[in-house]
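Residue numbers (the numbering used here): 21 to 83.
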């Protein structure tokens with residue numbers, strides 16, 4: 021699944037660690053999602069959307 025997580029995070033001026041703390045996950049998890057090695061669970065996708073105040077579809081798209 022493609023995502024805009026890295027771009028959105030950079031726009032906020034957050035490090036991967038900053039975002040990880042906001043989401044309650046590890047920095048490695050954020051890195052894996054950003055690089056497409058891991059697709060987040062639906063609850064985590066909703067938390068990500070909430071953090072950025074966007075709809076899930078504005079962050080994630082199918083390949």
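Think of the CB as a built atom: it goes at the ideal place given N, C-alpha and C, for glycine as much as any other residue.
Quiz item: Is residue 41 helix, strand or coil when you go by DSSP?
Solution: helix
| task | Compare the beta carbon distance of residue 28 and residue 80 with 8 Å and say whether it is the shorter of the two. | result | no
* Assign residue 63 to one of two classes, buried (16 or more other C-beta atoms within 10 Å of its C-beta) or exposed (fewer than that). => exposed
- Measure how close the beta-carbons of residue 51 and residue 32 come, nearest whole angstrom, since I'm counting them as under 8 Å. With 8 Å as the limit, residue 51 and residue 32 do not qualify as a contact, their Cβ atoms being about 16 Å apart.
(request) Look at the Cβ atom of residue 21, then the Cβ atom of residue 83, and state whether they are nearer than 8 Å. (result) yes
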